[in-house]
Structure formats: C-alpha cells, structure tokens
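Participant:
There are 2 protein chains.
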Amino acid sequence: MATIKEVAHEAGVSVATVSRVVNKNGYVSEERRVRVVEAMRHLDYKPSAVARSLRRQESLTIGVLVPGIHQPFFAALAFVIQKTLFASDYRVLMCSSEEDASKEAAYVDMLLHQRVDGVIVAPTGHGSETIHPLLSRMPVILVDRDLPDLALTRVLADNFRGGYDAMTHLIALGHTRIAVIGGPPYSRAMEQRTDGARRACADAGVVLDSSMVLMSELSEFKMGFELALDLLRRHPRPTAIFALTDVVAVGVMHASAELKLSLPHDLSVIGFDDIPLASYIIPALTTIAQPIERMAETAARLLLERLKNGVNESFETVTLDMKLMQRASTAAPRGS
Amino acid sequence: MATIKEVAHEAGVSVATVSRVVNKNGYVSEERRVRVVEAMRHLDYKPSAVARSLRRQESLTIGVLVPGIHQPFFAALAFVIQKTLFASDYRVLMCSSEEDASKEAAYVDMLLHQRVDGVIVAPTGHGSETIHPLLSRMPVILVDRDLPDLALTRVLADNFRGGYDAMTHLIALGHTRIAVIGGPPYSRAMEQRTDGARRACADAGVVLDSSMVLMSELSEFKMGFELALDLLRRHPRPTAIFALTDVVAVGVMHASAELKLSLPHDLSVIGFDDIPLASYIIPALTTIAQPIERMAETAARLLLERLKNGVNESFETVTLDMKLMQRASTAAPRGS
DNA sequence: TCACTTTGTGGCACTGTTTTAATGATATTT
DNA sequence: AAATATCATTAAAACAGTGCCACAAAGTGA
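Note that the protein sequences, when read in sequence, are chains A and B. Following my numbering, the numbering of the first sequence begins with 754 at its first residue and continues without gaps. Following my numbering, the numbering of the second sequence begins with 754 at its first residue and continues without gaps.
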C-alpha cells in the first residue's frame, strides 16, 4: 500500500506537506494542495491508522466489554455504543466475556496491549479486580452492572425501582403467590431488581418465600424454562412469575405452554428489559423497559467528554428511569 | 505506560534482549531472561501492539463486515467468528452496515485505514463495488450472501436446497395455497431460497402465484408482521407461509395471533435459520437450520490459512448443508 | 592449533506518520 | 530601508517496537 513518502515523491513535495494536506492543518499553497490530492488519488493512498496511532499516542479505538454479546440487551447496548462512537471517528473493539471472569481479565489485558483510548464496560460482576488495571491508565465508563467499590463514572438503570414496580404491578393485579427468577446472581443489577421486588412485597404485606426466588448462572431461554418448570410443578404453584430478564421470561412462557397452562389466566409473567421480541411474542410480554439507547448514548458521550477534556477526577453517576410496559402476559389470577 | 526502553534500562540490558525475551526467540541467557521478566513485572510492561504492528507490517486484526449485527443469524455468525479468531490471537473489528451500501463502503474504507490483515464479509448484496477495494490488498472470505462476479473464497449455505426442502415440507403436508415472504430482495441468499421454493412448487405441480411472494427491505419482526397481515386478510387466504428467516416467521406468528388464527391448524409457518428462539417460541417453529457455527468456523479457518500461507490464487467455494427441523408450527391444512 | 559452529549480546536501521524547529520568501509596518 | 509579521516549506526527530548484522566468547572436531 502506498505510503506518505511515495505520495510526497509523486507530488514533488515533502512528506510534511502531504501530512498537512491530509490533516487539513498548517499552511499549504493551493497549487501544491491540488498536486498532493491528485497524487493521493492516483496512488490510492490511505493514511496508516497504525503509524498515526503510534506517533499521536492515541489509537482512536475504544474497548467495549460486555458479559455476553448474544444476550439481546447487551447486543443492543453494544451496538448503539459502537454506532455513537463511530460517528465521532472512534473504532470499537468488542469483547464478550461470556460471564467468565478469566475471559474478562484476558480481554482487559488485550485492550491494554492494543492501547485503546478508553473503555466502556458492563462487568460480569465477579469482583472488580479484573477491570482494575484499566482505571489508572485510561477513562473507563461503567454501565448496567455496578461495582460499588470502584471510583469511576457510571451509567446505571434504576434497577431497584424497576424491580419494585414489576412486583407492585403483580400485587396490584391480586397475586400473592409470586416467584422471582433470573440471573446471574453475582450481577448487581439482578440483585437490585430482586431487592426492589422484596421491598414491594414487604410494603404490600405479601410474603415472598425464599424458595420462590431462584437464580440461574446465565440469562438464557433454557434457564428460564428449567427454573419455571420446577416452580410450576409445585403445589400450590405460583400464579405469577417475575422474570428478571425478558429472555428468561420467554423460557418461562415456554415452560407454561409445556404444562398446558394458559397465559395470562393460569399464570402471569412479567419480564425486564423490553427487548424487541417482547412486543412480538404471544402473548405480548408485560415488562419493565430499560432505556437501552439512552444508556448507550450516555455512556459513549461521557467517555468522549473525558477523552476530550483529559482525565477529570470528578466522577458522576447517571441513573436512568425504567418504565412499565403493560401488555398481555399479566392479568388478575384465576378466581380472584 | 512503560516502554521497552525503560524495561531494558531497568534490567540493565539492551532493548534487543528485551524484545527477544518478549517474543521468545533468539538466544538469551537464563540469568538475563529472569532479570528482564522481573523488570517487566515490576514496571507492569505491556508491549505496544501498535508499535509492533507498524514494524511487523501486520496488525493481527481482521475486519468482520455483516449487513446487520442485530439480526440473530448474523449476531451468532459474527460471534463465533470473533471467538475462533481470538483463539488464534487475532482481534476483530466488527462492522454492521445495516443493509446500507454506503455504510458498507465507509466501513471498507475504515478497514483499509486500519490495515487489517484480512476481512470476512457477509455483504449487503447491493453490488460488489463496495468490497472490491479490499480484494487486491488482503485475503477476503465471503459468507452467507454470494456475489457471483467476485473471485474469492466463499462459505455458503445451500440456500436453494433449503428453500426447496421448506416448500416440499409444506406441500407434503397437503398445502396448496402457500405464500413466501422475507427479504431483503437484493440478498442472493433470499433469492436462492425463493428459487428453491419455486422449483419445489413446479416439481410438485403446485401453483405459486407471484402475488403470494412478497419481499421486504429488511428482515425484522415488523416486516413479517405487516406482510403477513396483508396476506392473511385476503380471500381466500394462504394456508401456509414460508418465511425466509425465523425473525420474519415470528412476525408472521404475531400477525396470525392478531387475526385470531390458531397455529398450526389455521396456518402453517415455516422459518429459516434456526435461531435459538425458534425452539422456544410457541408453537415451536419448524424451520430450516443453517449450520451457523460451521459456517463461522469454516470462514475463520479459511482466512487463517490464507494469512499463514500467503495469498494463494486458487479460490474455493464451501457449500454447507441445511437441515429441516420439524417442530410444531406446521401441520396439514384444516379440512384435509 | 586452526577452522567452524553455537550461544549470547548490543547497535542500528527501519516501519509510516506527526510535529517541531529552522529557513526562506513575501508583505506590512516603522 | 530596516524591522517585523505572515505564509510556505523542508529536514529531522520522535513514537515503540523488530530483526538483521557484527562481534565475542565458548565449544567442537580434525
């Protein structure tokens, strides 16, 4: 591939002049500028981002580290982040740790080697040591899952409130035998949703038996299916299930179909996230909508600000609101 | 961040020796090796991938360009590619063109600037000019959607056969008023599935009216929903719909629920891809399974081979088989 | 002992770009 | 006319590594 030197030679100028033309800074006469542009076109010159990164000591690359890119929530989040950063001329190295702390650590190490300019991380939640090496070297924005012991800027959803609202919705419909399932358990987001649900029960005087709160290692269809099957075979069975993610909720719906239960009359299901599928599955899933786009854009914007203004010592926490999306998967329990 | 020079100074050796230790090549006495390793640990040294890339003239980065990363099929494909390449020490720059040829071209340009070592591309299908600039400069592997006019290595699924099998399945159940919907129309994969379906009809003596073949610009829930609504309001309405992707099939299922049709008795639906959701949605979706993992791994492996052996002029085409997954969304038409 | 190989180490050129300092030319002010 | 800006350009020094070459010491075989 053509280098700046070849372009300079072709145009009969110095490399410095070509550099100035490429970067549109400094002084260069119109006549030479045209000659250079012509030479670049002729040689099909593309400036090397790697040489530029080395010289400028910035890679215009940022790392995005999520616990599972095939989870619709993180897929959507990561995609919007990528899109927002790309619009500001940043590349993204996408890393999915698969809920595995050692993979997370391996990706952090890789990002350090790559000399990324910053990182947006939704951590697994297995402790904060894995992402610690990043903090002293570059701006880091935390999203979705909190790690309370870290000093950095966060963008979080109000998970406690979301959990509270979900449970309150079920209670208001008349449910009293309610189960909560989801995971992974070390996710602070899941924990807060569960805490919110517990508080809602306490406030309403409803008993939330601890045998009705089940956590799975992953948030997948299969987990929701298996946990729900277990719950729905009990006597008496719960009349409502709060699934901590929409994906788990879909698994629950599958389990209830397997047992020939009809939704929402035999069982109410409420999810969490509001992924696109939620409004297309049948019955349409009542869920707590996370502001995924706003979370992603906010995280990207905060990172860009830090990159522009240099590392600032004042950290902030942005907390975004959730919204109940009432659809067809929840109703009053049969016989009430 | 510490440089190799600082490490060399700390260990009291030359940078060449440090380099040899880092890359485990050349001769280094055990005594010095230990001193160097100790200095690296002490200074928390991470070799700069960017400096190394510049000097070695290879970035260990490869571009993955898909038409839509939020489509479950491409998400799964891209993820397995990334995973496979990461295991061979390659980083991935993930690019989603959103079915937009100009974005595709912009990403290609970006990948050229980044000096990626190779690209795996599932093109939009809007002509081959956009990816043409890559061909002369690096190995490129094409997946999923063919561009027949290009000389390169391809990994394709047997879409014609898949379409043929899907339609044959519906015909064997006794359906004669069958519709085909999906998209985007410029995707050669979709075209081939449709052609396969047409051939199956011809072979079986079933008439596939062209008014029953509807293409949408995107493959999303919404498109399936809207097209199906249109079809199902006709008189007489089709008794079966072949959705060219599972995502579209979910939209079809939503539309049939909207019209209070019961699946599979009032309407049979068959999809294509076999995304994880297909077996969890209710009724479980009969579909043509694409070997997503094998496609991804094959593409990654072929690229790695080309990177290792230098650019070979002999291109190959790998075609993978599909498999009918018979589930609960298809049955004989009512009254037959 | 000589010729040759193996082992161990440092020096330096090189990768493609940006940027600083230096220099010259031209225009503007004293 | 001299001093001073302003404009235009180039040479050269980074940036952080790699890898070739030279050289030295030590080992090997005849």
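Cβ coordinates follow ideal geometry from the N, Cα and C atoms, glycine included. Model, not experiment: these values are computed from the prediction.
Establish whether the CB of B/Tyr1033 and some CB of chain A are separated by less than 7 Å.
Facilitator: Yes, B/Tyr1033 counts as interfacial toward chain A.
Participant: Along chain B, which residues have their Cβ under 8 Å away from the Cβ of A/His866?
Facilitator: Lys799, Pro800, Ser801 and Ala802
Participant: Excluding five sequence neighbours on each side, which residues of the same chain lie with their C-beta closer than 6 Å to the C-beta of A/Thr751?
Facilitator: What the structure shows of chain A is the stretch from 754 to 1089, and residue 751 of chain A is not part of that stretch, so it cannot be assessed.
Participant: Please name the residue in A/Arg1047, A/Thr998 and A/Ala804 whose C-alpha comes closest to that of A/Gly935.
Facilitator: That would be A/Thr998, whose Cα lies nearest to the Cα of A/Gly935.
Participant: Of the residues that make up the segment 978-1008 of chain A, which ones have a beta carbon closer than 8 Å to any beta carbon in chain B?
Facilitator: Phe978, Val1003, Gly1004, Met1006 and His1007
Participant: Going by C-alpha to C-alpha distance, which of A/Glu882, A/Ala925, A/Arg986 and A/Asp1026 sits closest to A/Met943?
Facilitator: A/Asp1026
Participant: Under a Cβ-count criterion, where at least 16 other Cβ atoms within 10 Å of its own Cβ denotes burial, should B/Val1059 be classed as buried or exposed?
Facilitator: Note on identity: in this sequence residue 1059 of chain B is Arg, with Val being the wrong assignment. The residue in question, B/Arg1059, is buried, as its Cβ has 16 or more Cβ neighbours within 10 Å.
Participant: Residues of chain A with CB closer than 9 Å to the CB of B/Leu846, please, in chain order.
Facilitator: Thr814, Arg844, Val845, Leu846 and Met847
Participant: Determine, using beta carbons only, whether A/Ile822 comes closer than 7 Å to chain B.
Facilitator: yes
Participant: How about A/Ser812 and A/Arg868: are their beta carbons less than 7 Å apart?
Facilitator: yes
Participant: In the segment 929-944 of chain B, which residues sit with their C-beta less than 8 Å from some C-beta in chain A, listed in chain order?
Facilitator: none
Participant: My output table needs one value for B/Asp1026: the three-state DSSP class, helix, strand or coil.
Facilitator: strand
Participant: Is any heavy atom in the ligand ATP found nearer than 6 Å to the beta carbon of B/Arg794?
Facilitator: Ligands displayed in this structure: none; no statement on the ligand ATP is therefore possible.
Participant: Report yes if the C-beta distance between A/Ala1053 and A/Ile834 is below 7 Å; otherwise report no.
Facilitator: Against a cut-off of 7 Å, the Cβ pair of A/Ile834 and A/Ala1053 comes out as a contact.
Participant: For A/Leu864, which residues from the same chain have a beta carbon less than 8 Å from its beta carbon, with the 5 sequence-adjacent residues on both sides left out?
Facilitator: Gly816, Leu818, Leu846, Cys848, Val872 and Leu887
Participant: Could you round the C-beta distance between B/Ala764 and B/Val789 to whole angstroms and report it? I think they count as a contact, below 8 Å.
Facilitator: 5 Å
Participant: For a minimum of 4 consecutive residues, which ranges assigned as the alpha helix (DSSP H) are wholly contained in the segment 900-986 of chain B?
Facilitator: 912-925, 941-957 and 974-985
Participant: At the 7 Å Cβ level, is B/Ser806 part of the contact set with chain A, yes or no?
Facilitator: Yes, contact with chain A.
Participant: Sort A/Asp870, A/Ser881 and A/Leu926 by Cα distance to A/Ser855 and report the nearest one.
Facilitator: Residue A/Ser881 is the option with its Cα nearest to A/Ser855.
Participant: Check the Cβ-Cβ distances between B/Phe974 and every residue of chain A, and say whether any is below 7 Å.
Facilitator: Yes - at least one Cβ of chain A is within 7 Å of the one on B/Phe974.
Participant: Let me know the secondary structure DSSP gives A/Met863 once reduced to three states.
Facilitator: helix
Participant: With 7 Å as the limit, tell me which residues of the segment 877-892 of chain A have their beta carbon closer than that to any beta carbon of chain B; keep them in chain order.
Facilitator: Arg890
Participant: Against chain A, does B/Phe826 count as a neighbour if the rule is that its beta carbon must be under 7 Å from one of theirs?
Facilitator: no
Participant: Exposed or buried, A/Gly1088, counting other C-beta atoms within 10 Å across all chains shown (16 or more means buried)?
Facilitator: exposed
Participant: Check the Cβ-Cβ distances between B/Ala1084 and every residue of chain A, and say whether any is below 7 Å.
Facilitator: no
Participant: Could one say the Cβ of B/Ala1010 lies closer than 7 Å to chain A's Cβ atoms, at least one of them?
Facilitator: yes
Participant: Using 7 Å as the threshold, is the C-beta distance between B/Asp899 and B/Arg941 below it?
Facilitator: yes
Participant: Please state the DSSP three-state secondary structure of B/Ile822.
Facilitator: coil
Participant: Should A/Phe1068 be flagged as near chain B, meaning a C-beta pair shorter than 7 Å?
Facilitator: Taking Cβ atoms only, chain B never reaches closer than 7 Å to A/Phe1068, which makes this a no.
Participant: Would you say A/Phe832 lies against chain B (beta-carbon separation less than 7 Å)?
Facilitator: yes
Participant: Assuming A/Arg844 is part of the beta strand (DSSP E), what are its boundary residues?
Facilitator: Where A/Arg844 is concerned, the enclosing beta strand (DSSP E) stretches over Arg844 to Ser849.
Participant: Tell me, please, whether the segment 1070-1082 of chain A touches the segment 1016-1030 of chain A by the rule of three or more beta-carbon pairs shorter than 8 Å.
Facilitator: Output reads yes: the segment 1016-1030 of chain A touches the segment 1070-1082 of chain A.
Participant: Could you check what DSSP says for B/Met1078 in three-state terms: helix, strand or coil?
Facilitator: Here B/Met1078 sits in strand by DSSP.
Participant: Do the segment 822-836 of chain A and the segment 778-785 of chain A meet, that is, are 3 or more Cβ pairs less than 8 Å apart?
Facilitator: no
Participant: Measure from the alpha carbon of A/Ile925 to the alpha carbon of each residue in A/Gln945, A/Phe913, A/Ala1049 and A/Asp956, then state which is nearest.
Facilitator: Reading the sequence as shown, one finds Ala at residue 925 of chain A and not Ile. Among A/Gln945, A/Phe913, A/Ala1049 and A/Asp956, the Cα nearest to that of A/Ala925 is on A/Asp956.
Participant: Kindly list, in the order they appear in chain A, the residues whose Cβ is closer than 9 Å to that of B/Ala829.
Facilitator: His823
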